[in-house]
Amino acid sequence: MNDDFTSNRIIIPIILRSVLEAFVDFRNLQKDKAYTNFMTASFLKEKQKLTKEALNKNPYTSGFNNKIDMSGELIRIESELEELKNNNFSPINIFQKFEKVNMEKEYRTVYNELCLKTHNNIKALENRYIQIDKNENYDVIIFENISIEDQEVYIAFLIEKLIDAMETMIEFYKLNYSIDKLKNEFREYLT
């Protein structure tokens, strides 16, 4: 990555999306210690898919095909999944994670926007590489710098989530500490 912060318009939404997903998991863990069971079920579901691919001789699984008894591994995974299901813990998708901590609005807006910017789709293509002038002529731009102002919304959201995470930690550990001054300074910055 270039030392110039403004030189890479793709990396910030990717990082922020990962941070947001981690924050949602963090909030879920803080709210419900049993949330790890949902995480485990989701992990095992993905591992089940991969193990089935290995059993179907997918060439991209050859590296571990010979090291593990895949049939036995699949039985073990499915047994663990069944046990979790019997205890009301099934794999959950990303929306359900947001929903569990009342962050549906963030999912439908901020997370959606980050996904649009990080996956290859027409919006990402336009934002990254196409520049249209007032006459609707376009140029393909490969290495254009992006201004700090264009990244400001992402930076502000990241700071907001970091402050939220700090508050959650303070509440979780019952610390006698206030971050009100920090929150007020951040609000002043935004106005």
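In terms of our numbering, the sequence shown is residues 1 to 191.
Note that beta-carbon positions come from the ideal geometry of N, C-alpha and C, so glycine has one too.
As the structure is a prediction and not an experimental result, all values here were calculated from the model.
For residue i, the three-state DSSP class (helix, strand or coil)
i, result
"D139", "strand"
"I163", "helix"
"I155", "helix"
"I94", "helix"
"V19", "helix"
"N37", "helix"
"L81", "helix"
"L50", "helix"
"E171", "helix"
"M103", "coil"
"T118", "helix"
"Y111", "helix"
"I68", "coil"
"R27", "helix"
"T191", "coil"
"K123", "helix"
"F89", "coil"
"N184", "helix"
Residue i burial status per 10 Å Cβ neighbour count (16 or more: buried)
i, result
"P59", "exposed"
"F98", "buried"
"K161", "buried"
"Y189", "exposed"
"Y138", "exposed"
"F23", "buried"
"F89", "buried"
"L81", "buried"
"T191", "exposed"
8 Å Cβ shell around residue i - same chain, five flanking residues per side excluded
i, result
"M39", "D25"
"K123", "L116, K117"
"V110", "L20, F157"
"T168", "F26, R27, Q30"
Option nearest residue i by Cα separation, candidates the options
i, options, result
"I11", "I130, T191, L114", "L114"
"S179", "I163, E188, Y173, Y189", "Residue identity check: residue 179 is Ile in the sequence provided, not Ser. Of I163, E188, Y173, Y189, the residue nearest in Cα terms is I163."
"N87", "Y129, T36, S18", "T36"
"I75", "M103, Q96, K49, V140", "K49"
"F172", "P13, N28, E21", "N28"
"L84", "L125, R187, L44, N184", "L44"
"I14", "R187, Y154, N66, I148", "Y154"
Contacts around residue i, its chain only, beta-carbon distance under 7 Å, and the 5 residues preceding and following it disregarded
i, result
"I92", "F38, S42"
"L158", "L16, V19"
Bridge-paired residues (DSSP) for residue i
i, result
"I132", "Y138"
Neighbourhood of residue i by C-beta, 6 Å cutoff - its chain only, sequence neighbours within 5 removed
i, result
"T61", "E53, A54"
"I170", "Y177"
"Y107", "F95, F98"
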